[in-house]
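Under our numbering, the residues of the sequence shown are numbered 28 to 348, in order. From the three backbone atoms N, C-alpha and C, an ideal C-beta is built for every residue, glycine too. This report concerns only the one structure given below.
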Amino acid sequence: MLLNILFILIGFVLLMKGGDFLIDGAVAIAQRAKLSNMVIGLTVVGFGTSMPELLVSTQAAWVGSSGLAIGNVAGSNIANIALILGVTSLIHPLPSTRNMMRIDIPFMLFAMVLFIVFAYTGDEIQRWQGICMVLLLIGFISWEVWQSRKVTKAAMEEAPATKPMPLWRAFLFVIVSLAAMVWGADLLIDGASSIAMELGEMFGVDKETMERIIGLTIVAIGTSLPELFASVMAARKGETDMAVGNIIGSVSFNILSVVGVASAIAPIHKAWTPFAVDYMVMFGLCILLWVFLRTHHKIVRWEGSILLILYALYLARTLYI
Numbered sequence: 028m029l030l031n032i033l034f035i036l037i038g039f040v041l042l043m044k045g046g047d048f049l050i051d052g053a054v055a056i057a058q059r060a061k062l063s064n065m066v067i068g069l070t071v072v073g074f075g076t077s078m079p080e081l082l083v084s085t086q087a088a089w090v091g092s093s094g095l096a097i098g099n100v101a102g103s104n105i106a107n108i109a110l111i112l113g114v115t116s117l118i119h120p121l122p123s124t125r126n127m128m129r130i131d132i133p134f135m136l137f138a139m140v141l142f143i144v145f146a147y148t149g150d151e152i153q154r155w156q157g158i159c160m161v162l163l164l165i166g167f168i169s170w171e172v173w174q175s176r177k178v179t180k181a182a183m184e185e186a187p188a189t190k191p192m193p194l195w196r197a198f199l200f201v202i203v204s205l206a207a208m209v210w211g212a213d214l215l216i217d218g219a220s221s222i223a224m225e226l227g228e229m230f231g232v233d234k235e236t237m238e239r240i241i242g243l244t245i246v247a248i249g250t251s252l253p254e255l256f257a258s259v260m261a262a263r264k265g266e267t268d269m270a271v272g273n274i275i276g277s278v279s280f281n282i283l284s285v286v287g288v289a290s291a292i293a294p295i296h297k298a299w300t301p302f303a304v305d306y307m308v309m310f311g312l313c314i315l316l317w318v319f320l321r322t323h324h325k326i327v328r329w330e331g332s333i334l335l336i337l338y339a340l341y342l343a344r345t346l347y348i
């Protein structure tokens with residue numbers, strides 16, 4: 028028990044410090060590459076913090092349990108929007124930008140609809156569909172980077188010159204920080220899962236029930252911890268564009284890269300039937316996020332509280348079933 032508590036504490040430290048250095052490195056890369064913080068949040072930070080989901084889903088597809096990829100992605104996306112944006116907006120209101128409302132969120136919704144349509148037709152996601160999803164993501168990232176460089180380069184030429192950290196150090200910050208965050212999340216999940224199993228035995232809860240509870244709560248939230256700490260640290264540093272971009276990017280990456288890669292490895296069968304309700308919750312939360320950002324041009328604290336309440340209700344409903 029004490030060793031598992033130590034694992035949890037080490038995991039939290041790695042996540043917090045990793046998130047801190049990740050944002051510093053990402054901001055420096057944005058300045059050096061003449062990219063906006065929003066685009067860096069969508070790409071470098073968004074993809075990096077989605078690595079736990081990608082690794083879990085790819086491994087599951089490789090051993091023939093490709094359906095796990097769907098549950099992992101749906102659960103993580105719901106946690107990203109409701110839990111992470113809810114917590115982050117309580118720390119600092121999260122503003123929207125014109126490009127976010129015109130391009131990034133519509134693309135996220137398009138990716139989600141495409142994912143749901145693929146899952147619904149034939150109750151499976153085939154290899155060619157997975158490859159299409161990956162190619163769509165590559166095309167979108169390339170376009171975002173091209174557009175951002177044009178706009179940001181002009182803005183930086185007018186702004187006072189500042190000297191960011193060297194590019195090699197910025198990349199080192201990002202790589203080491205992401206590795207620390209993935210390792211920290213892994214330690215935290217292992218420690219919390221072991222403690223949960225011990226408590227289950229202590230209170231007479233059968234192993235199957237405890238494994239189900241752990242999978243729906245600890246693992247789903249645990250793989251989203253890098254996004255949580257990255258967004259919280261970004262909000263604390265005033266980099267709110269990066270905080271929101273991280274989540275929007277992670278949701279799009281989870282769908283197009285995680286599901287895309289997993290289904291390219293092995294077709295995902297029963298992709299609709301067990302997860303229909305989760306798809307509707309995921310899509311509904313995305314629409315609610317769009318409404319919040321459009322009405323106030325930001326997510327304010329009371330809206331963040333609503334997102335957290337909805338996530339608690341979703342967990343309660345899932346555990347009850």
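Query: So, with DSSP's three-state summary, where would you put L199?; Result: helix
Query: Taking only three categories from DSSP, how would you classify P253?; Result: helix
Query: Is the shortest distance between the beta-carbon of N107 and the beta-carbons of chain D less than 8 angstroms?; Result: This model lacks chain D altogether, as it is built from one protein chain only.
Query: Under a Cβ-count criterion, where at least 16 other Cβ atoms within 10 Å of its own Cβ denotes burial, should I32 be classed as buried or exposed?; Result: exposed
Query: Assess contact between the region 298-309 and the region 161-177, defined as three or more Cβ pairs (one per stretch) separated by less than 8 angstroms. Is contact present?; Result: no
Query: In angstroms, rounded to a whole number, what distance separates the CA positions of V286 and V100?; Result: 7 angstroms
Query: Should R196 and A291 be called a contact, given that it needs their Cβ atoms to be closer than 8 angstroms?; Result: no
Query: I need the boundaries of the alpha helix (DSSP H) containing F230, first residue and last residue.; Result: That residue, F230, is in no alpha helix (DSSP H); it is neither H nor E in DSSP.
Query: Grab the span of the alpha helix (DSSP H) containing P133 for me, first residue to last.; Result: I132 to Y147
Query: CA-CA distance, L162 and A261?; Result: 29 angstroms
Query: Near F167, which residues of its chain fall below 7 angstroms by C-beta distance, leaving aside the five closest residues on each side in sequence?; Result: F134
Query: Put L62 into one of helix, strand or coil per three-state DSSP.; Result: coil
Query: Check the C-beta distance from L164 over to L283 and give it rounded, since I have them as a contact under 8 angstroms.; Result: 4 angstroms
Query: Pick helix, strand or coil for H296, following the three-state DSSP scheme.; Result: strand
Query: Can you round the beta-carbon distance between D51 and F145 to whole angstroms, since I take them to be within the 8 angstroms contact cut?; Result: The pair is not a contact, with the Cβ atoms about 38 angstroms apart (cut-off 8 angstroms).
Query: Assign T226 to buried or exposed, taking buried as 16 or more other Cβ atoms, counted over all protein chains shown, within 10 Å of its Cβ.; Result: The sequence as given places Leu at residue 226; Thr does not occur at that position. Exposed, because fewer than 16 other Cβ atoms sit within 10 Å of the Cβ of L226.
Query: May I ask you to list the residues that DSSP assigns as paired with P301?; Result: Answer by DSSP bridge pairing: none, since P301 is not bridged.
Query: Per DSSP, E151 is paired with what?; Result: H296
Query: State the DSSP-derived secondary structure class of K264, mapped to helix, strand or coil.; Result: coil
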